[in-house]
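Peer 1: Quick one: the structure is below, and I'll ask about it shortly.
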Amino acid sequence: MKKRLTLLAAGLISLVGGASAADGAATLPDIPFTRFQLPNGLTVVVHEDHKAPVVAVSIWYHVGSADEPAGKTGFAHLFEHLMFSGSENHKGTYFQPFELAGATDMNGTTWFDRTNYFETVPTTALDMALWMESDRMGHLLGAIGQHELDTQRGVVQNEKRQGENQPYGRVDENVLVNTYPANHPYHHDTIGSMADLDAASLADVKKWFHDYYGAANTTLVLAGDITVEQARAKAQKYFGDIPAGPPVPRQQPWITPLATSTRGVQHDQVAQPRVIRTWIAPQLGTDDSVQLDLATTVLGGGKSSRLYQRLVYKDKLADDVSISVSPFALASQLQLSIDVKEGVDPAKAEAAAAEVIADFLAKGPTEDELERAKVSGLAGFVRALEKVGGSGKAAILAEGQVYRNDPAAYRKDLERAQQATVASVLAASKQWLGKGNYTLTVLPAPAGFDPVAEDKAVKGLGDAAGRPKAVLPAAKTYTAGASDVDRAKGVPTVASFPDLSFPKLQRGKLKNGIEVVLAERHTVPVTQIQLLFDAGYAADQGRKLGTASFTSALLNESTTDLDSVEVSRRKERLGAIIGSSCSLDTCSVALNALNSELQPSLELFADVVRHPAFKTDDIERVRGQWIAGIAQEKTEPTSLALRALPPLLYGKQHAYGIPFTGSGNEKAIASLTGDDLAAFQRDYLRPDNARILVAGDTTLEAILPRLDAVFGDWKAPAGAIPKKNIGEVAAQAKPRVFLIHRPDAPQSLILAGLLAPPTKAKDALDLGIANGAFGGTFTSRLNMNLREEKRWAYGAGSMLSDAKGQRPMLIYAPVQTDKTAESAAEILKEAKAVIGSKPLTDQEIAKIRSQRVRALPGSFETTSSVLGAMSSIVIYDRPDDYVQTLKSRIDAVDRSAAERALSAVIHPDALTWVIVGDLRKIEAPVRALNLGEIQVIDADGEPVKQAK
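Using the numbering used here, the first residue of the sequence shown is number 2, and each one after it goes up by one.
Listed below in structure tokens is the structure:
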């Protein structure tokens with residue numbers, strides 16, 4: 002077994018096209034790079050990958066919340082937001098030029114030890130991107146005044162409220178103050194406290210920029226369609242004149258394991274207790290950190306793990322359990338999480354988990370467990386390397402350089418993992434899991450609960466002795482050069498764009514008539530296969546709600562020959578990913594397989610699809626998890642609204658008049674039987690209702706015989722495929738407002754719905770572009786109003802979901818509680834204006850057209866993205882060259898066509914509103930708006946009797 006798994010691990014490496022071997026260990030992936038430093042101290046790392054005409058730009062500043070002094074918590078993150086407010090030579094929002102250029106994977110994030118900004122742009126837009134990044138790096142302060150600070154302060158505070166409004170959203174802050182000493186850099190969370198955010202001043206902004214945003218504290222990674230020579234010239238041109246900045250003291254690792262185990266209790270608007278147990282462990286880059294990653298995979302890394310087997314399968318004490326390590330630069334966290342089953346004493350679940358861990362600390366992992374953990378970890382790492390941007394290769398190189406002064410640091414960790422032994426994993430586990438821990442039990446909040454008072458009562462740890470002093474880097478002289486960039490001319494114009502490269506679709510058929518659609522993509526030796534069925538949540542009609550999704554979930558369990566644990570183990574041994582899911586109109590089962598293991602992976606895939614056992618034990622276990630999941634949906638504002646709105650929008654008799662989570666309701670799920678699932682499989686998951694989509698490193702000649710071998714003899718059952726009722730629904734005659742009470746919510750969730758024509762409608766493209774301007778992009782009207790101008794939301798927008806029948810158009814805004822009514826009024830004002838006094842402009846439509854067209858070359862970088870486009874082509878009967886000809890159709894959309902399409906959908910007097918929040922604070926102001934007839938409903942959508 003060990004030899005076979007080691008060979009499999011070696012086979013993974015060809016995914017990235019580079020490899021090396023050492024001491025007979027498994028061959029490891031290689032991300033070739035060149036590193037150099039400009040005279041001003043800026044470190045540049047370049048990786049060439051010419052498979053797509055895009056370049057990932059990733060710029061990392063070596064500063065995070067760990068560097069914040071007392072009383073300034075949240076400032077690193079607040080400053081990240083300010084970096085998007087414009088610069089001295091580009092006033093206004095930072096996103097605008099990037100939207101026009103078709104940038105993808107664009108964002109900024111802050112963490113304990115770094116702040117990063119990233120985007121993937123067409124190759125021809127690289128000068129624009131580097132001009133923009135260098136302008137805010139070298140020329141920011143003149144553009145930041147009190148207005149910009151107040152705007153982003155409000156946005157960040159709403160981001161904090163939005164996080165805390167989620168179930169278990171206050172956990173992290175509690176855990177940090179109880180696991181790290183008060184004088185540890187990780188004692189507070191990154192988003193900071195409301196009081197400290199309120200106190201942030203312009204002087205703080207200037208000091209932070211001066212202290213930390215110099216060139217010598219920064220790493221720039223360029224990955225993609227670029228050469229080292231080009232990168233060197235462009236980096237010097239745009240960044241070479243920026244001052245190095247003062248030397249930045251480096252925080253030093255400080256491992257502070259708890260001497261004794263401690264406990265805490267937190268209450269929240271949650272559906273079930275959760276137990277979170279946390280240990281402190283060594284930092285990123287240490288051998289123990291790698292060993293602990295393997296240990297936690299064995300203990301709690303999935304269905305086959307020891308904790309899951311004991312607590313979920315055997316003892317039935319939990320609906321879910323996991324344990325993992327989160328490695329940071331100064332210290333790491335090991336964290337166990339148990340979602341306790343309803344009616345079970347959390348202490349009993351804790352005790353069982355403790356027994357499993359104690360047994361592991363006595364014996365360690367088995368050879369088979371360890372090898373499966375190695376393969377799973379390596380396969381996951383390598384699959385991430387298909388992308389240059391986002392969390393792909395640019396981020397991996399940047400993380401290594403910033404945290405460990407080595408872009409190739411990932412290789413050291415992979416080598417350690419491959420060389421790990423049962424003894425080494427056991428030794429690290431004993432060392433750190435045997436120390437003290439902090440256990441937080443989160444319980445459902447009682448009536449009248451005050452979360453603010455509870456949080457204020459949390460004391461946390463005090464200071465500890467032994468904190469190492471921050472260390473200044475070795476003295477070095479840096480020089481900033483002169484610049485020949487005339488920034489007064491503004492952002493460089495992007496005059497040309499690369500052509501889209503999308504594989505030509507090929508079609509074939511199996512012996513039994515199943516159609517196969519293939520897109521060849523020979524970048525990595527992986528084949529992805531999707532079995533697509535015309536079914537979906539809409540097929541629940543006339544059945545118990547949730548049948549489609551529940552049946553799909555049971556496909557991931559036992560087959561007639563293999564129990565669910567063995568299915569999971571085989572996937573791990575093959576390095577294969579098999580999953581099943583449903584959406585509104587379809588269900589699918591997908592395989593992501595390494596070509597070296599394609600045949601056995603296909604055999605397992607076919608067994609899962611064709612021979613689900615629907616065993617009673619599996620059904621009961623998943624049923625318990627499912628019902629708990631529905632209860633959790635009812636405590637999460639967005640899920641709660643998505644459960645309530647569709648039946649109100651479509652009517653309960655329509656196939657779409659169901660919770661859009663697809664999970665059904667408790668009563669229906671509680672009554673499902675194996676016969677119900679088998680009946681759904683017989684009616685919908687059948688060969689005469691299936692198409693097979695294939696994307697990856699194969700050919701039609703090669704894949705058809707392999708598919709025929711496992712699916713060619715699959716025969717359709719007797720009986721016709723049922724028809725789904727997706728008939729047309731009339732628009733509402735008048736507006737309606739439905740309120741749902743969520744006690745103590747720091748935010749309200751506003752969701753307003755309208756009906757739009759199906760995805761196959763002739764004007765679907767026109768409507769999509771119009772919606773992009775109205776609410777579908779960062780610079781859209783809705784987001785700019787509620788986020789950037791009013792500061793009442795972290796984000797707001799509108800969205801169109803694809804559907805075979807009438808689509809839902811949803812307007813979405815999580816807003817601070819005291820601005821709920823005002824936000825709803827602004828949404829209504831924008832809806833009325835866009836079809837009335839303030840129609841979309843030629844400029845707004847041109848912006849979205851440009852963004853859509855120019856994003857195309859970077860939108861299909863991965864095999865998964867190609868497969869997604871193929872699915873849409875098949876589901877909505879689009880021509881095979883739909884993607885290749887999309888540019889000309891987008892270019893043909895003008896303002897009048899977009900305006901016509903949007904006006905046909907947006908009827909302010911037909912809006913159905915669902916507002917979730919603390920009705921004690923928002924009901925009266927919302928009623929005073931006179932938006933429409935108001936009704937208070939419960940989490941099941943049923944009317945609530947009002948007290949007289």
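For each residue, glycine too, the CB sits at the ideal point set by N, CA and C.
Return the Cβ separation of Val389 and Asp50 in integer angstroms, given the expectation that the two are a contact with Cβ distance under 8 Å.
Peer 2: Right, the Cβ-Cβ distance comes to about 5 Å (below 8 Å), so this counts as a contact.
Peer 1: Exposed or buried, which one is His211 when buried takes at least 16 other CB atoms within 10 Å?
Peer 2: With fewer than 16 other Cβ atoms within 10 Å, it is exposed.
Peer 1: Give the secondary structure of Tyr813 by DSSP, where H, G and I count as helix, E and B as strand, and everything else as coil.
Peer 2: Of the three classes helix, strand and coil, the one that applies to Tyr813 here is strand, per DSSP.
Peer 1: Can the beta-carbon of Ala374 be found less than 8 Å from the beta-carbon of Asp289?
Peer 2: Not in contact: Ala374 and Asp289 (Cβ atoms no closer than 8 Å).
Peer 1: Measure the CB-CB distance between Asp919 and Pro648 and report whether it falls below 8 Å.
Peer 2: Their beta carbons are not under 8 Å apart, which means Asp919 does not touch Pro648 by this criterion.
Peer 1: With distance defined between alpha-carbon atoms, name the residue in Gly625, Lys431 and Gly302 nearest to Gly344.
Peer 2: Nearest C-alpha to Gly344: Gly625.
Peer 1: Alpha carbon to alpha carbon, how far is Asn557 from Ile670? Give it in angstroms, no decimals.
Peer 2: Near 17 Å, if we compare the C-alpha coordinates of Asn557 and Ile670.
Peer 1: I'd like to know whether the C-beta atoms of Leu912 and Leu755 end up nearer to each other than 8 Å.
Peer 2: Against a cut-off of 8 Å, the Cβ pair of Leu755 and Leu912 comes out as a contact.
Peer 1: Could you spell out where the beta strand (DSSP E) holding Ile891 opens and where it closes?
Peer 2: No beta strand (DSSP E) holds Ile891; the alpha helix (DSSP H) holding it covers Leu887 to Asp892.
Peer 1: When the Cα atoms are used, what is the spatial distance from Ser135 to Gln231?
Peer 2: Using only the alpha carbons, I get a separation of about 16 Å.
Peer 1: Do you know offhand how far His961's Cα is from Ile192's?
Peer 2: The first residue shown for the chain is 2 and the last is 949, placing residue 961 beyond what the model contains.
Peer 1: Please determine, among Val495, Thr35, Val157 and Ser86, the residue with the shortest C-alpha to C-alpha distance to Phe76.
Peer 2: Nearest C-alpha to Phe76: Val157.
Peer 1: Bridge partners of Lys510, per DSSP?
Peer 2: In DSSP, Lys510 forms a bridge with Glu516.
Peer 1: Taking the Cβ atom as the reference point for each residue, do Val206 and Leu39 lie within a distance shorter than 8 Å?
Peer 2: Their beta carbons are not under 8 Å apart, which means Val206 does not touch Leu39 by this criterion.
Peer 1: Per DSSP, which one or two residues make a beta bridge with Tyr62?
Peer 2: Answer is Thr116 and Thr219, bridged to Tyr62.
Peer 1: In the DSSP assignment, the alpha helix (DSSP H) including Phe361 goes from what residue to what residue?
Peer 2: Start and end: Pro347 to Lys364.
Peer 1: Can you name the start and end residues of the alpha helix (DSSP H) that Asp500 belongs to?
Peer 2: Segment: none, Asp500 is in no alpha helix (DSSP H) and carries neither H nor E.
Peer 1: Mapping the DSSP letters down to three states, classify Asp68 as helix, strand or coil.
Peer 2: In this structure, Asp68 counts as helix in the three-state DSSP scheme.
Peer 1: Nearest to His268 by alpha carbon, out of Asn175, Ser305, Ser202 and Asp910?
Peer 2: Looking at the Cα atoms, Asn175 is the closest of the given residues.
Peer 1: Would Ala953 pass as a contact of Ala272 if the rule is Cβ separation under 8 Å?
Peer 2: The structure shown does not extend to residue 953, since the chain spans only 2 to 949, so no value can be given for it.
Peer 1: Check for me: the alpha helix (DSSP H) holding Gly665 runs from which residue to which?
Peer 2: Taken as a continuous stretch (DSSP letters only), Gly665 belongs to no alpha helix (DSSP H), as it is neither H nor E.
Peer 1: If you run the structure through DSSP and keep just helix, strand and coil, what is Val403?
Peer 2: Note: Val403 maps to helix in three-state DSSP.
Peer 1: From Thr636 to Thr662, what does the alpha carbon distance come to, in whole angstroms?
Peer 2: Taking the straight line joining both Cα atoms gives about 13 Å.
Peer 1: Output needed for Pro840: all residues of its chain with C-beta closer than 7 Å, excluding positions within five of it in sequence on either side, in chain order.
Peer 2: Counting only Cβ-Cβ distances below 7 Å, and skipping sequence neighbours, we find Glu900.
Peer 1: Is the segment 309-328 close to the segment 439-459, with three or more CB pairs under 8 Å?
Peer 2: The segment 309-328 vs the segment 439-459: no contact.
Peer 1: Can you grab the Cα-Cα spacing for the pair Gly25 / Asn108, in whole Å?
Peer 2: For Gly25, the predicted model reports a pLDDT of 38, less than 50, meaning its position is unreliable and no value from the coordinates is stated.
Peer 1: For Pro613, report the span of its beta strand (DSSP E) as first-last.
Peer 2: Unbroken run through Pro613: none, as it is neither H nor E.
Peer 1: Tell me which same chain residues have a C-beta within less than 8 Å of the C-beta of Gly675, skipping the five on either side of it?
Peer 2: So the qualifying residues of the chain are Phe615, Lys616, Thr617 and Ile620.
Peer 1: If you compare alpha carbons, which of Trp112, Ala53, Thr121 and Gly93 is closest to Ala104?
Peer 2: Of the candidates Trp112, Ala53, Thr121 and Gly93, the one whose C-alpha sits nearest the C-alpha of Ala104 is Thr121.
Peer 1: DSSP state of Glu934, grouped into three classes?
Peer 2: The answer is strand: DSSP assigns Glu934 an E or B state.
Peer 1: Kindly indicate which three-state DSSP category Lys949 falls into: helix, strand or coil?
Peer 2: Bear in mind that the predicted position of Lys949 carries a pLDDT of just 49, short of 50, making it too unreliable to give a figure here.
Peer 1: What residue range does the alpha helix (DSSP H) around Ser377 cover?
Peer 2: Note, Ser377: alpha helix (DSSP H), Glu368 to Arg384.
Peer 1: Could you tell me the alpha carbon to alpha carbon distance between Thr261 and Val249, rounded to whole angstroms?
Peer 2: Those two C-alpha atoms are separated by around 35 Å.
Peer 1: Can you check the segment 273-360 for any beta strand (DSSP E) of at least 3 residues that lies completely inside it and give the ranges in chain order?
Peer 2: The qualifying runs are 275-282, 319-328 and 333-341.
Peer 1: Rounded to whole angstroms, what is the Cα-Cα separation between Val326 and Arg571?
Peer 2: Looking at the two C-alpha atoms, the distance is approximately 24 Å.
Peer 1: Closest by CA to Pro274, which one among Asn406, Pro168, Asn513 and Pro283?
Peer 2: Ranking the options by Cα distance to Pro274, first place goes to Pro168.
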